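**Student:** Protein chains in written order, with numbering that gives the first Met the number 0: chain A, 0 to 337; chain B, 0 to 337; chain C, 0 to 337; chain D, 0 to 337; chain E, 0 to 337; chain F, 0 to 337.
There are 6 protein chains.
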Amino acid sequence: MLRLAPKEHLRFSQATNFEAVYGGGESNVAVSLANYGVPVDFVTRLPKNDIGQCAMMEMRKRGVGVDKIVYGGERLGIYFLETGAVSRGSKVVYDRAHSAISQIEPGMIDWRSVFKDVAWFHWTGITPAISQGAADACLEAVKIADDMGITISTDLNYRAKLWTYCDEAHREKIMAELTSYCDIVLGNEEDAHKHFGIHPEGLDVHKDGDNLRAEAFLSVCKQMMERFPKAKKVITTLRGSVSASHNTWAGVLYDGEKLHKTTQYQITHIVDRVGGGDSFMGGLIYGLLKYPKDDQNALDFAVAASCLKHTIKGDANLVTAAEVEKLMGGDASGRVAR
Amino acid sequence: MLRLAPKEHLRFSQATNFEAVYGGGESNVAVSLANYGVPVDFVTRLPKNDIGQCAMMEMRKRGVGVDKIVYGGERLGIYFLETGAVSRGSKVVYDRAHSAISQIEPGMIDWRSVFKDVAWFHWTGITPAISQGAADACLEAVKIADDMGITISTDLNYRAKLWTYCDEAHREKIMAELTSYCDIVLGNEEDAHKHFGIHPEGLDVHKDGDNLRAEAFLSVCKQMMERFPKAKKVITTLRGSVSASHNTWAGVLYDGEKLHKTTQYQITHIVDRVGGGDSFMGGLIYGLLKYPKDDQNALDFAVAASCLKHTIKGDANLVTAAEVEKLMGGDASGRVAR
Amino acid sequence: MLRLAPKEHLRFSQATNFEAVYGGGESNVAVSLANYGVPVDFVTRLPKNDIGQCAMMEMRKRGVGVDKIVYGGERLGIYFLETGAVSRGSKVVYDRAHSAISQIEPGMIDWRSVFKDVAWFHWTGITPAISQGAADACLEAVKIADDMGITISTDLNYRAKLWTYCDEAHREKIMAELTSYCDIVLGNEEDAHKHFGIHPEGLDVHKDGDNLRAEAFLSVCKQMMERFPKAKKVITTLRGSVSASHNTWAGVLYDGEKLHKTTQYQITHIVDRVGGGDSFMGGLIYGLLKYPKDDQNALDFAVAASCLKHTIKGDANLVTAAEVEKLMGGDASGRVAR
Amino acid sequence: MLRLAPKEHLRFSQATNFEAVYGGGESNVAVSLANYGVPVDFVTRLPKNDIGQCAMMEMRKRGVGVDKIVYGGERLGIYFLETGAVSRGSKVVYDRAHSAISQIEPGMIDWRSVFKDVAWFHWTGITPAISQGAADACLEAVKIADDMGITISTDLNYRAKLWTYCDEAHREKIMAELTSYCDIVLGNEEDAHKHFGIHPEGLDVHKDGDNLRAEAFLSVCKQMMERFPKAKKVITTLRGSVSASHNTWAGVLYDGEKLHKTTQYQITHIVDRVGGGDSFMGGLIYGLLKYPKDDQNALDFAVAASCLKHTIKGDANLVTAAEVEKLMGGDASGRVAR
Amino acid sequence: MLRLAPKEHLRFSQATNFEAVYGGGESNVAVSLANYGVPVDFVTRLPKNDIGQCAMMEMRKRGVGVDKIVYGGERLGIYFLETGAVSRGSKVVYDRAHSAISQIEPGMIDWRSVFKDVAWFHWTGITPAISQGAADACLEAVKIADDMGITISTDLNYRAKLWTYCDEAHREKIMAELTSYCDIVLGNEEDAHKHFGIHPEGLDVHKDGDNLRAEAFLSVCKQMMERFPKAKKVITTLRGSVSASHNTWAGVLYDGEKLHKTTQYQITHIVDRVGGGDSFMGGLIYGLLKYPKDDQNALDFAVAASCLKHTIKGDANLVTAAEVEKLMGGDASGRVAR
Amino acid sequence: MLRLAPKEHLRFSQATNFEAVYGGGESNVAVSLANYGVPVDFVTRLPKNDIGQCAMMEMRKRGVGVDKIVYGGERLGIYFLETGAVSRGSKVVYDRAHSAISQIEPGMIDWRSVFKDVAWFHWTGITPAISQGAADACLEAVKIADDMGITISTDLNYRAKLWTYCDEAHREKIMAELTSYCDIVLGNEEDAHKHFGIHPEGLDVHKDGDNLRAEAFLSVCKQMMERFPKAKKVITTLRGSVSASHNTWAGVLYDGEKLHKTTQYQITHIVDRVGGGDSFMGGLIYGLLKYPKDDQNALDFAVAASCLKHTIKGDANLVTAAEVEKLMGGDASGRVAR
C-alpha cells in the first residue's frame with residue numbers, strides 16, 4: 000500500500016503535499032525480518048504501473064526478496080494518514096478497494112514454487128478481509144504451506160471497515176478455517192470476540208490495568224487453543240493509550256502452559272504508531288527463530304522491537320537486531336551513540 | 000480529482016512526497032470562470048470523507064459555488080503526475096476507477112433545481128467515458144438543460160484509456176447523442192475521428208504546419224456542423240510540441256461562416272501544461288459571454304488565457320481577466336509588475 | 000493577519016523560509032463556527048492587493064462568508080511567530096501597525112445591512128486597541144447590533160503592546176462603553192484589572208491552584224456584572240504553563256448565580272498554542288447556541304474545543320463538533336480512527 | 000528589506016510558505032562589493048527587533064560592515080514577490096511604508112564619523128522616494144560626503160509607486176539637488192524623463208533595438224551632464240524583455256567624450272531577475288575602482304556581473320570577481336567547474 | 000559516493016540543507032543497465048557504517064546486485080554540487096580522498112569468484128586515479144577478467160584534480176596497461192591526449208563544429224587502435240556547451256572501419272547534467288549487447304539514453320529501454336503519456 | 000565541522016536530504032559568547048573551498064571574529080547525525096578524519112599576534128585528539144597564552160573514537176601537559192578517569208542520584224587540583240538520561256573550597272541535545288566574566304544557558320543573555336512573549 004500523510008501534525012485540509020511511504024501489514028513484517036538479517040520474500044500482487052514498481056523498489060531497498068511478486072490488476076491500495084497529538088487521535092482514510100491484491104484469485108501465485116525451501120509463512124487477517132478472491136488465495140496458500148510442513152503464523156487483525164463483501168457467519172467460517180492451520184496466533188480480545196465469538200471468562204475484577212488484561216487474555220488463549228488445536232502459542236500486545244502522544248506498551252504470550260508477560264514500556268513521545276503491531280509480529284518471528292526454547296526472550300524481543308517502532312516514521316520498523324537487544328537489555332536511556 | 004506529483008522533475012521512484020492539488024476537467028473550467036468573476040457552480044459527486052471535503056474546500060477557496068455538490072460513493076479519483084522535461088514527456092498514472100463520480104446514476108442530482116437561473120452548462124467527454132452511470136447522468140443533465148433553454152458547451156476530450164466499459168459503437172452512440180444538444184463544441188481532429196468517424200477532406204498539402212492544421216480542421220468543422228445542427232461554433236486548440244519544455248500554442252474557431260485563427264504563442268519554459276485545454280475552455284466561455292458578437296476576441300481571450308496557464312503550477316488556471324487581457328493586447332514581455 | 004513562522008522550533012535567525020497562515024482573533028472564531036456548521040460571516044477591512052485576497056480566500060475555503068468584507072487601506076497586518084519548547088517560550092514580533100483594519104473609520108461598513116438576519120455579533124478587545132478609528136467603528140457596530148437586538152459577545156483580550164494611541168483613562172472609557180453592550184464577556188483577571196481596575200476580593204489563600212483562581216475569578220465576575228448589568232455570563236480560561244511544551248487547561252463560567260467549572264486537561268505535547276483563547280470563544284458561542292439551557296455543557300464544549308486547538312498548527316481551530324464532543328465525552332485517549 | 004516569495008513559480012494564493020531573503024537596493028550593492036573583496040559598510044536604520052536583527056546578520060554573513068547601522072523605528076520594510084514565467088511577469092506587492100528607514104531624520108546618523116577614511120558613497124533614488132525625512136537624511140549625507148571629498152554615485156531608480164509624499168515639482172527639486180553632488184550617475188531614459196524632464200533628441204529611427212536605445216541614451220547623457228556638471232560618467236543598462244524567462248542584457252557608459260557599449264548577453268533561463276540593476280551598480284563601482292583608467296573594462300565587468308546575477312536566487316549578487324572575469328573574458332559556456 | 004547539492008540553483012552559501020543522492024561513475028553505469036533489465040552487479044568497497052549502508056541500499060533499490068560489495072575503510076567519498084544556470088556553470092567540490100575505495104588493495108576482492116558466469120566488466124579512469132591501491136586492484140581485476148575471456152570496457156575519464164599520488168609518466172604507464180586489456184574504449188580527445196599523448200592529425204579546418212570534432216576524433220581513434228590492438232571500438236560523446244542550461248549532444252563510434260555518427264540533440268532545458276557520460280556508457284553497453292551487429296543502433300541508443308539523462312535529477316539515469324527507444328525512434332516531442 | 004542530519008526523526012536510510020549546520024566544540028562556545036555580546040574570535044584552520052567558506056560565513060553571521068582563521072588543508076570535517084526519540088538514541092557517524100584542522104602544525108598560526116589584547120583562551124580535548132599536529136599546535140597555543148598571562152579554560156571532552164593516532168600513555172602525557180596550563184577545567188568523572196586515571200574516592204553510596212554524583216565529583220576535583228595546581232575551578236555537568244526525549248540537567252563547580260550545585264532542570268521535550276556541553280562552557284565563561292566573585296551565579300548561568308540549548312536546533316546555542324537570565328531567575332514556564 001501507499002501511505003500518504005500530511006507532514007508533521009497538519010490536518011488533511013491544511014496539506015499541500017503528502018509524505019509518501021510504502022507499507023502494509025505483511026510487508027512491514029517482511030521489512031522487520033530483513034532488517035534483522037533473516038532471508039525473507041514478500042509475496043503479493045502489484046499493479047503493473049509506476050506506483051506498483053515504486054512499492055516493489057522500496058521492499059528491494061530494504062533487502063526483502065521481490066522476485067515472487069506477481070503483477071496485474073488495477074491499482075495499489077492507498078490510505079491517507081493524519082497524525083494526531085495529545086487528545087486528537089490520528090485519522091486514517093482508506094482508499095484500498097479494488098487494489099491489485101483485492102482482485103487476486105487462487106491459481107495466480109504458484110505457492111508450491113514460492114514455498115520451496117521456505118521455513119515460515121506469515122499472513123494477516125487483513126488479506127481475507129478485502130475480497131473473497133483474497134480469502135481464497137490465502138486459504139490456498141495456507142493449505143499448501145501446511146502440507147509442506149511450513150510453520151504458519153497469523154496476526155488476526157480484525158478491521159470492521161474492511162469486511163464488507165460477506166456477512167458475519169461467512170467471515171467467521173473463513174477466519175476459522177484459515178486459523179486452524181496456524182502454529183502461532185497473534186490477536187487480542189477483540190479479535191477473538193469478533194472473529195470467533197470468544198469472550199474472557201471468570202475475571203477477577205480486583206486486579207488492575209495490565210494485570211487484569213493479561214488475566215482476561217489467558218482465558219481467551221485457552222479457548223483459542225481448544226478451538227484451534229494446531230496453535231502452539233497465542234500472543235497479544237497490551238497497548239495503553241494515555242494520549243495520542245503517549246502510550247504504554249507490553250506483551251503477553253501463552254504457550255499452552257505458561258503466560259509470559261513483559262515489562263511495560265512508557266512511550267512518552269510517539270513519532271509514529273502505525274505499524275506497531277506489525278513490528279511486534281516481525282520481532283516475535285525473529286525472536287522465536289533466534290530463541291527457539293525461550294519464549295520469554297522471544298516475547299521480550301518482540302515488545303522491545305515494537306517499542307522502538309514508535310520512534311520511526313513510516314509503517315515499517317527500521318531497526319537492527321542489535322538496537323532491539325540493547326533496549327531488551329534494559330537500556331532505555333536513549334543516549335547518543337558516537 | 001486529487002493530483003499527486005513528485006516535486007520538480009523527479010521521477011516517481013525518486014519521490015518521498017507528492018505535491019497535492021485538486022482538479023479535473025470541469026472543475027478547472029469552473030475555477031477559470033470564478034477567477035474572471037463569473038458566478039459559477041461546480042456540480043459533481045464527492046465521497047463523504049476528508050479527501051472529498053478537501054477537494055470541495057479548494058473549489059470554495061477559489062470562489063466556485065459548492066452547494067450543489069452531492070456526496071456519496073467510495074473514493075475521490077486520483078492521478079499521479081510525473082513532470083517531464085525536454086525530450087522526456089510527462090507521465091500520468093490514472094487511479095480514477097471506482098470514484099464517487101463514476102458511480103453516479105441518473106436521479107442523484109436534481110438538475111431542474113441545479114439549473115434554476117443558470118445560463119450556461121458545460122460538460123466534457125471525460126464524464127461519459129468513466130461509466131455508464133456517468134454517461135446516463137450526463138445525458139439527463141444535457142436534456143434538461145436543453146429543455147430549459149440553457150446554452151450547452153462541451154470539450155469532447157477523447158481519452159482512449161478511459162472508455163473501457165463499452166464498445167466503440169456504443170461509445171459513438173453516447174457521444175453523438177450528448178453532442179447533439181450542444182451549442183459550442185471544443186474538439187480536435189482526433190476527437191472528431193475517434194468519436195464520430197469524421198476525417199478531414201481535400202487537404203492542400205502544400206500548406207505548412209498550423210495553416211495546414213487549420214485547413215484540416217475547417218473540413219472537420221463543416222462535417223461536425225452537418226451532423227450536429229444545433230452546434231453554432233466548433234473550436235480547437237493547436238498545440239505544437241517542440242519538446243516537453245517548449246510548446247507552441249494557438250486556436251481556431253469556426254462559426255459556420257468564417258474560420259477565426261489566433262496568433263501563435265511560443266511557450267518556451269513550460270511550468271505545467273496539464274489543464275491547458277480546460278483553461279482554454281474556461282477562457283472561451285468567458286470570451287463568448289464578454290464579447291458576444293466578436294468571436295475573434297473571444298478566441299483570442301481563450302488562447303491567451305490558456306497560454307498563461309502553462310506558467311501556473313496545478314491543474315487550474317489561476318489568472319485574472321486583466322492578466323489575460325494584457326497578454327491578448329500583445330504584451331508578452333513578462334516584465335515585473337511593481 | 001498574516002502569520003509568518005519559521006518551521007518547527009527554529010529561531011528567527013535560522014529561518015530561510017516562513018510558514019504562512021492567515022488568522023486573527025475574530026477570524027479564528029469565525030472559522031471555528033464554520034467548522035461546527037454555524038453560518039457565519041467575517042466582517043473586516045482588507046487591503047486591495049494579493050495578500051489581502053489570499054487572506055479572504057482562506058476564510059472562504061473554510062466556509063466563512065466573505066461577502067461583507069470591505070477593501071481598502073495599505074496593508075495586511077503581519078506577525079512573526081517563533082515557536083518555543085520546554086523552557087523557551089514562543090516569541091511574537093508584531094508588524095500590524097498601519098493595517099487596513101487599523102485605518103477603518105465609522106461609516107465604512109454598512110452595519111445595518113451586515114446585521115440583517117443576524118443573531119450574534121462577536122468582537123474582541125484587539126480591535127479597539129489598534130486605532131481610534133477601529134474603536135469608533137467597533138462602537139458603531141456594537142450600538143447598531145444592540146439596537147437590532149442581536150446577542151453581543153466579546154473577548155476582552157488586553158494586550159499592552161497594542162494600546163498605543165491613547166492614555167489609560169481613555170482606554171478604560173472606550174472599553175467600558177463597548178463592554179456595556181455585551182451579553183457574554185470572556186476575560187481573565189488581568190483583563191478586568193487592566194481594562195476596568197477590577198481586582199479579586201477576599202481570597203482564601205488556603206485553596207490551591209485552579210481552585211484559588213476560580214475563587215478569584217468569581218469575585219471578579221460579580222464586580223463585572225455590577226458594572227455591566229447587561230452581561231449575562233462572564234467566562235475565563237485557566238491556563239497553567241508547566242512549560243512551553245506542556246500546559247494545563249480548564250475554564251470557568253459565571254452565569255450570575257453559579258460558577259461552573261470544567262475538568263482540567265493536561266496538554267502534554269503542545270503543537271501550537273496560538274489561538275487557544277479564540278478557539279475557546281468559538282466553542283463557547285457554539286456551545287451556548289447548541290445547549291441554550293445548559294451552561295455547563297456549553298463551557299465543557301468550549302474547553303474541549305480549545306484543548307484540541309493546541310494540537311492544530313495555525314491560528315484557527317480546524318476541528319469538527321463531533322471531534323469536540325468525543326473529547327467532551329471523556330475520550331482523551333487519542334486512539335487512531337480507522 | 001525582507002523579501003517574501005512563494006517557492007518556484009507558485010502564485011501568492013497557492014503559497015503555504017514564503018522563502019525569506021533580506022535585501023534592498025543599497026544593501027545589494029554592498030554585498031556585491033563585499034563579495035569582490037572591497038571593504039564596505041552598509042549604513043541604514045533597522046528596527047530593534049528580531050527581524051531587523053536577522054537582516055543585519057545576513058549582511059554580516061556576507062562580510063559587509065554593520066557597525067554603522069542605527070536602530071529604531073517600527074518595522075522592517077517587506078515586499079512580496081511572485082516569480083513569473085514566460086508571458087506571466089513577476090509581481091511585487093510592496094509593504095514598505097512606515098519602515099524604520101522611512102522614519103529616519105537628519106541627525107540620526109553621524110555622517111562625519113561614518114565617512115571617516117571612506118572613499119566612496121553610494122545612494123539610490125529609492126531612499127528619497129520613501130519619505131521627506133529619508134530625503135533630508137540622504138541630502139545631509141550627500142553634502143557631507145561632498146564636503147569630505149568622497150566620490151558619490153547614485154542609481155536614480157525612479158519608482159512611481161513610492162513617490163507619494165510630495166508632488167512632482169518637489170520631487171524634481173529633491174532629486175536635482177541630490178544628483179548635483181554626484182560623480183557617477185546610473186539611470187535610464189525613464190529616470191531622466193521622470194526625474195528631470197529630459198528627453199532624447201534627434202534620434203535616427205532607422206537604427207534598430209539596442210543601437211537606437213544607445214543613441215537615445217547618448218542624447219540623454221549630454222543633457223544630464225549639462226545640467227549636473229559634477230557628473231563625470233552617466234551609465235544605463237539595456238534590458239530587452241523577450242519574456243519573463245528570457246531577457247537580453249547590455250550596458251552603455253558615457254564619459255563625457257565617448258559612449259562605451261558592451262556585448263549583448265542572452266539570459267535564456269532566468270533564475271531571479273530582481274536586483275539586476277543593483278548588481279550592475281555593484282559591478283560598476285568595483286570596475287571603476289579596479290580599472291580606474293579603463294571605462295570599457297569597468298562597464299564590461301558591470302554587465303557581466305549583473306548577467307550572472309540573473310542566475311542567483313535572492314536580491315543580492317553572490318558571485319566572486321573571478322567568476323565575473325571569466326564571463327567578461329568571453330566564457331559563457333557554463334561548463335562544470337570540477 | 001554521496002552527492003550533496005543545495006536545492007534548485009542555490010549557491011553553497013545559501014543552502015541550509017543538501018539534497019542527498021548516492022552515485023559514482025561505475026555505479027551509475029550499473030543502475031542504467033539494471034533499468035534496462037540487464038542483470039548486473041556493482042563491485043566496490045564501502046565503509047561499514049550507516050552512510051555506506053545507505054549507498055548500498057539505493058543500489059539494491061534499483062535492482063543492482065550488491066552481494067559482491069566488500070566492506071571496510073574509513074568513509075564514503077563525498078562531492079558537493081552547486082547547480083548553475085545560463086552563464087554560471089555548475090561547481091563541484093570534491094571530498095573523496097581517504098574513501099573506502101581509495102584504500103582498496105589487491106586481494107581484497109576475490110575477482111575469480113566475482114567474475115563467475117559474468118560476460119562483461121566495466122571500469123573507469125576514475126578508479127586508478129584515486130590511489131595506487133585502487134589502480135593495482137583495478138589492474139588485478141582487468142587481468143583476471145581478460146584471462147576469463149570477459150569483455151572489458153572502459154571510460155577513460157581523465158580528471159586532473161584526482162591524479163595526485165603519482166607523476167605523469169607513472170600515470171600514463173598505469174592507464175596504458177589497463178587500457179591494453181580493453182575491448183571497448185570510451186574517451187575524448189582530451190583523454191587520449193592527457194593519458195597517452197595522442198593528438199588529432201591532419202584536420203581539415205574548413206569543416207565546422209561537430210563535423211570537425213568527428214574528423215579529429217577519427218584520427219585519435221586510429222592512433223588509439225594502433226596502440227591498443229585489443230580495442231575493437233573507440234567511442235566519444237560530443238557535447239556542445241551553449242550555456243549551463245542548454246547543451247547539444249551527440250556521439251561518434253569508430254569500429255576500426257567506419258566512423259558512425261548520431262544525430263545531434265538540443266538539450267534546451269537541462270535538469271541535471273552530472274552523470275551524462277556514465278549514462279552514455281550504460282546505454283552503449285546495453286546497445287552493444289542488444290544490437291550486437293549494429294553499431295549504429297547501439298550508438299544511437301547510447302546517445303538517446305544520455306540525452307534523457309539530462310532531464311533526470313541525480314547522477315544515475317532512471318529511464319527504461321522503452322523510453323530510450325521512443326526517443327531513438329525520433330519522438331523528441333515530450334508529449335504527455337497518459 | 001559540517002553537520003548533516005536527516006530532518007525530524009528520520010533514520011539515515013530514509014533521508015533524501017540532510018539539514019546542514021556548521022559547528023564544532025570551540026566554535027559553539029564562540030557563538031555562545033558572541034550572542035552574549037562578548038567580543039570573541041574563532042581561531043581554526045579551514046579548507047580553502049566553498050564549504051570552508053560557508054563555515055566561516057556562518058560564524059561571521061553570528062558576530063564571531065573570523066579574521067584570525069587560517070586556510071589550507073583538504074577538507075572540512077563532517078559528522079552525520081540521526082536524531083532519536085524516546086528509547087532510540089541519536090546516532091553520530093563521524094567523517095572528520097583528514098580535516099584541515101587535523102593537518103595543522105605548530106607555526107601555522109601566529110599565536111602571539113592572535114593573542115594580542117586577548118583576555119581568555121579556550122580549547123577542548125577534541126583538538127589534541129584528532130592528530131599529533133593538532134595536539135602540538137594546541138600546546139604551542141597554550142604555552143604562549145600562559146606566557147602572555149591569558150586565562151585558559153578547557154573542556155576535557157574525552158572521545159574514545161577520536162584518539163587513534165597514539166597509545167594511552169602518550170595520550171595521558173599530552174592531556175596532562177595541556178591541562179597543566181589551565182585555570183578553568185570542565186570535565187566529568189569519565190574524562191578524569193580516561194585522561195588522568197583519577198577515580199572518585201570514599202563514596203557514601205547511601206546518597207542518591209545527583210547528590211551521589213556531586214559527591215563523587217568532589218573527590219575527583221580535589222585530585223585534579225592536586226595534580227594541576229594552576230587550576231582554580233573544576234566543573235562538571237550532571238545529565239540524567241530519562242530517555243532520548245527527556246533529560247535532566249544540572250551542574251557542579253568546585254572552587255577549591257566549596258562545591259557549588261545548581262537546581263536540576265527537567266528537559267521534557269528535547270529539540271536537539273548536541274552541543275549541550277559546549278553551551279554550558281559558553282555560559283560558564285560568560286558567567287565567570289560577568290560575576291567574577293560569584294561562582295554560584297556563574298554556574299547557574301551556565302546551567303540555564305545549556306538547558307535552553309536543548310530547545311535549539313543545531314550545534315550552537317542561539318540565545319541571548321537576557322533569555323538565560325530569565326530562566327536563571329526561575330521562570331521556566333515558557334509563556335509566549337508578545
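Cβ coordinates follow ideal geometry from the N, Cα and C atoms, glycine included.
Owing to the predicted nature of the structure, the values given are computational and were not obtained by experimental measurement.
Using the Cα positions of Ala320(A) and Asp40(A), report the straight-line distance between them to the nearest angstrom.
**Tutor:** Taking the first sequence and counting its residues from 1, one reaches residue 320(A) at position 321. Taking the first sequence and counting its residues from 1, one reaches residue 40(A) at position 41. Rounded to the nearest angstrom, the two C-alpha atoms are 19 Å apart.
**Student:** Looking at the structure shown, is Gln263(D) part of a helix, part of a strand, or coil, going by DSSP?
**Tutor:** Counting from 1 along the fourth sequence, the entry for residue 263(D) is found at position 264. Gln263(D): coil per DSSP, three-state reduction.
**Student:** Taking any Cβ of chain B, which residues in the stretch 14 to 26 of chain A have a Cβ under 7 Å from it, in chain order?
**Tutor:** Result list: Ala14, Thr15, Asn16, Phe17, Glu18, Ala19.
**Student:** Say whether chain B places a C-beta atom closer than 7 Å to the C-beta of His169(A).
**Tutor:** If you number the first sequence from 1, residue 169(A) lands on position 170. It does not: the Cβ of His169(A) has no partner Cβ on chain B nearer than 7 Å.
**Student:** What residue from Ala96(A), Glu200(A), Leu185(A) has the CA that sits closest to Leu237(A)'s CA?
**Tutor:** As a working note, residue 237(A) is residue 238 in the first sequence. The shortest Cα separation from Leu237(A) among Ala96(A), Glu200(A), Leu185(A) belongs to Leu185(A).
**Student:** How about Val273(D) and Tyr253(D): are their beta carbons less than 7 Å apart?
**Tutor:** For the purposes of this step, residue 273(D) is taken as the residue at position 274 of the fourth sequence. For the purposes of this step, residue 253(D) is taken as the residue at position 254 of the fourth sequence. Going by C-beta atoms, Val273(D) is not nearer than 7 Å to Tyr253(D).
**Student:** Would Arg59(C) pass as an interface residue toward chain B - the criterion being a Cβ-Cβ separation below 7 Å?
**Tutor:** Translated into positions along the third sequence, residue 59(C) becomes position 60. Yes, Arg59(C) counts as interfacial toward chain B.
**Student:** Answer with yes or no whether the minimum CB distance from His8(E) to chain F is below 7 Å.
**Tutor:** What you label residue 8(E) is simply residue 9 of the fifth sequence in a count that begins at 1. Cβ-Cβ to chain F under 7 Å: no for His8(E).
**Student:** What residues in the stretch 224 to 248 of chain B have a beta carbon less than 7 Å from any beta carbon of chain E?
**Tutor:** Listed in sequence order: Ser240, Ser242, Ala243, Ser244, His245.
**Student:** Suppose only complete runs of 4+ residues qualify. What are the alpha helix (DSSP H) ranges in the stretch 39 to 105 of chain E, listed by chain order?
**Tutor:** For the stretch 39 to 105 of chain E, whole alpha helix (DSSP H) runs of length 4 or above, ordered along the chain, are 49 to 60.
**Student:** Pull out every residue of the stretch 278 to 294 of chain E whose Cβ sits closer than 8 Å to any Cβ of chain A, in chain order.
**Tutor:** Those residues of the stretch 278 to 294 of chain E that come within reach of chain A (Cβ to Cβ, closer than 8 Å) do not exist; the list is empty.
**Student:** Note down, in chain order, every chain B residue with its Cβ under 8 Å from the Cβ of Arg95(D).
**Tutor:** Along the fourth sequence, one-based indexing puts residue 95(D) at 96. None at all; the shortest Cβ gap to chain B is about 11 Å.
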